[in-house]
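Note that numbering that gives the first Met the number 0 numbers the sequence shown so that position 232 is 231, with each residue one more than the last.
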Amino acid sequence: MRGSLPGRSTPTGGRSHDLASNAPRKSGLPALSEVPTKVVTPEVMWAPARIAERDGVTREAVLKLARDYVEDHDLTVERDARGRIATINVVAYDLIRSRVGDPSKAQTRQRPVAPKHLTELNSYDEALRQKTWHEAEKRRLELAELKGALIRKDRLQAAILTCGEEIVRVLDRLPQAANDLSIAVAKDGEHGLRTALKALASRLRADVAAALTNIAAGSPAQDEDGAGGAAGGE
């Protein structure tokens, strides 16, 4: 099966704080499923308003994208007591948006906004600290993808669907065994039927295993974009 990008509300409701806590969703590009390590710093967890301020869009626009990313890509978020998105992993948010964002629907700066955090970010030390945390978080997500720890949800769900179809196809052949079973009953009664059923079950297991092996053999070890998969929301 193919792998997925950060995001992982195995990435879907949305997960909280760590990517691995987010739950599964519809599957689409990057759906970062499970991440082996937790987000260890609040530096990458931003309030929706802060992201909106940075991007020059409304808070509602950010929340709408965040909810979609939580549902489809397991974006990591933290919720308040009422279940609303309180903070968002901004690194995973940017990464998912860069991969699945529709240029025709890209967020655009609507109006100049006076940054509330201007004083804080004007500090060289603070800016450097923020950059360091962001780079560290981005590298952590990328490394998790390379290790196969992040599974793209859309690819995973597509693979599950394909496997299910193959299993059903094998089970649909059961009626073909009716004649063999009736002969076994006529010849050896209950014992004959039991023996025939065991043999049939063994054949079905072998057929299912062969079908799933063929699916796995035809799947790339990595996604075409080189990522393993993506990353919870309101």
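Note that CB positions come from ideal geometry on N, CA and C, so glycine has one too.
- Of W132, W45, G163 and V169, the smallest CA-CA separation from A205 is found for V169.
- Ranking A60, V76, T75 and D71 by CA distance to the CA of V99 puts D71 first.
- Look at V76 here: in three-state DSSP terms it is strand.
- Proximity to R154 across T131, A215, R138 and L127 peaks at A215, based on C-alpha coordinates.
- Bridge pairing for I87: W45 and V76 [DSSP].
- Contact between A183 and L192 is confirmed by a C-beta separation of about 5 angstroms, below the 8 angstroms threshold.
- Comparing alpha-carbon positions, the option among A48, E189, N88 and G188 lying closest to R139 turns out to be N88.
- Pairing H133 with V90 gives a Cβ-Cβ distance under 7 angstroms.
- Shown here, S201 sits in a helix according to DSSP, grouped into three states.
- When C-alpha distances from D79 are compared across Q156, A46, A198 and A209, the shortest belongs to A46.
- Rounded to the nearest whole angstrom, the C-alpha separation of A195 and Q175 is 13 angstroms.
- DSSP places S181 in the helix class (H, G or I) of the three-state scheme.
- Its chain contains V207 as the residues whose beta carbon lies nearer than 6 angstroms to that of I166, once the 5 sequence neighbours on both sides are disregarded; these appear in chain order.
- Linking D171 to N213 through their CA atoms gives a straight-line distance of about 19 angstroms.
- Judged by DSSP secondary structure, T57 falls outside any alpha helix (DSSP H); it is assigned neither H nor E.
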